[in-house]
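Residue 149 in numbering that gives the first Met the number 0 sits at position 150 of the sequence shown, with consecutive numbering throughout.
Note sheet for the following structure.
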Amino acid sequence: MNEHFHTTVLLDEAVSALCIRESESRENGTYVDCTFGRGGHSRRILESLGGKGRLIAIDRDVAAIEACDINDPRFTLHHAPMSEISQVLDESGVEKVDGVLADLGVSSPQLDDGQRGFSFRFDAPLDMRMDQTQGETVADWLARADEQEIGEVIWRYGEERFAKAIARKVVAARGAGRLRTTGELAKLVGETVRTREPGFNPATRTFQALRIFINQELEEVETMLPQAVSRLAVGGRLVVISFHSLEDRIVKRFMQSASRKDSLPSDFPIRANEIDEATLVPVGRVVKASDAEVAANPRARSAVMRVAERTTVEARQ
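Shown next, in the form of structure tokens:
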């Protein structure tokens, strides 16, 4: 196992929401874990599956793939982003699945491995890529992006009030040959942010914004959701855990849109069978971590889980 431990958030609640043990057909169904991480949800799903069940897991972090120690004939793990869920299922010879689980955001091992560059707690290369086999590092992007673009990213994804001032300082620092490490960036932001929230590092919003941007995390969610619904069998469950308001907003709006019939005036000249019907129906209320879970794992405090079930209507593309 990887030396960086990860406590899976909403473990029981998420797997229970998939309703795997509801019937023999569901126990022997096919499920997808879009964000394998260190396998917490996958292991629990496998415990619930019947002998003919199948679990297809996905993760774009090579470290997560390498740390996997699950040896189960019902399980396969693919190195891919969640936005390629349809491609992974096609390659696996699977048309429909009985449940899809996505645990969004960054994992504890990614944050706790200083060399990954996700955290300001360590002085390390300014990387932040979830998939280190491809793409641009944060350091490389900051070295070429213009001041306006940097400011817009920090404001949009981090809602940082001092985004413009930070962007100005970034451009000045790179001109002096600095800003290649997390320590340098954290120091720069700390000197720029004039007011600090109690118990809140001034670099938090900037690091969050750059991580979300460089990994295209919101775009990944937006691309994955319609694919997941289109591959769900009737009665299949979509379970999504978000840790940031921007992610949760995307999930909430998607589920609301997919669970709403097209509304047209009563006298509109169209047949009832030509009106788009809902492809999802919400299941229960939003689920958050209990006080006990948050006390044991503070990173669970911002977790929000939403669940929806596939109807008989074909998913809209």
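Where is the CB? At the ideal position from N, CA and C, for every residue including glycine.
Source: prediction; values computed, not measured.
Asked	Found
In whole angstroms, give me the CA-to-CA distance for residue 12 and residue 127.	29 Å
Return the first residue and the last residue of the alpha helix (DSSP H) that residue 225 is part of.	216 to 230
Assign residue 199 to one of two classes, buried (16 or more other C-beta atoms within 10 Å of its C-beta) or exposed (fewer than that).	exposed
For the 8 Å Cβ check, are there 3 or more pairs between the segment 33 to 48 and the segment 99 to 108?	yes
For residue 288, does the three-state DSSP call read helix, strand or coil?	coil
Per DSSP, residue 98 is paired with what?	30, 236
Exposed or buried, what is residue 72 when buried is set at 16 or more other beta-carbons lying within 10 Å of its beta-carbon?	exposed
Tell me the DSSP bridge mates of residue 308?	236, 280
Among residues of its own chain, excluding the 5 on either side of residue 323, which ones have a beta-carbon nearer than 6 Å to its beta-carbon?	This structure cannot speak to residue 323, because the chain is shown only from 0 to 316.
Just list the beta strand (DSSP E) runs in the segment 183 to 215, keeping only unbroken ones of 3 residues or longer that don't cross its boundaries, in chain order.	none
Considering just the uninterrupted stretch of the beta strand (DSSP E) at residue 54, what are its terminal residues?	53 to 58
Does the segment 203 to 212 come within contact of the segment 144 to 164, defined as at least 3 CB pairs closer than 8 Å?	yes
Can you tell me where the beta strand (DSSP E) holding residue 76 begins and where it ends?	74 to 78
Comparing C-alpha positions only, which one of 168, 215, 251 sits nearest to residue 133?	215
Find the nearest neighbour of residue 304 within the set 284, 87, 118, judged by alpha-carbon distance.	284
Below 8 Å, can you find three or more Cβ-Cβ pairs linking the segment 159 to 173 to the segment 239 to 252?	no
With DSSP run on the structure shown, which of helix, strand or coil describes residue 303?	strand
Excluding the five sequence neighbours on either side, which residues of its own chain have a C-beta within less than 7 Å of the C-beta of residue 191, listed in chain order?	161, 164, 165, 168
Run through the DSSP bridge pairs and tell me what residue 180 is partnered with.	124
Hey, residue 279 and residue 301: beta-carbon distance below 7 Å or not?	no
Might you give, ordered along the chain, the residues of its own chain that have their beta carbon closer than 8 Å to the beta carbon of residue 153, omitting 5 neighbours on each side?	159, 162, 165, 166, 204, 205, 208, 209
Give every residue of the same chain whose Cβ lies closer than 8 Å to the Cβ of residue 233, excluding the five residues on either side of it in the sequence, and list them in chain order.	309, 310, 311
So the candidates are 84, 90, 130; which of them puts its Cα closest to the Cα of residue 221?	84
Please state whether the Cβ-Cβ distance between residue 121 and residue 113 is less than 7 Å.	yes
If I measure Cβ to Cβ from residue 140 and keep anything under 7 Å in the same chain, skipping five residues before and after, which residues do I get?	213
Leaving out five residues on either side along the sequence, give the residues of the same chain with a beta carbon under 8 Å from the beta carbon of residue 266.	Low confidence applies to residue 266: its pLDDT is 47, below 50, so where it sits in the model is not reliable, and the reading given next is rough at best. So the list is empty, once near-sequence residues are dropped.
Can you tell me whether residue 275 is helix, strand or coil according to DSSP?	With a pLDDT of only 49 at residue 275, under the threshold of 50, the placement of this residue in the model should not be trusted, and no figure is reported.
Is the beta carbon of residue 39 sitting closer than 7 Å to the one on residue 63?	no
Taking C-beta to C-beta, are residue 129 and residue 219 nearer than 7 Å?	no
Roughly how many whole angstroms lie between the Cα atoms of residue 90 and residue 65?	21 Å
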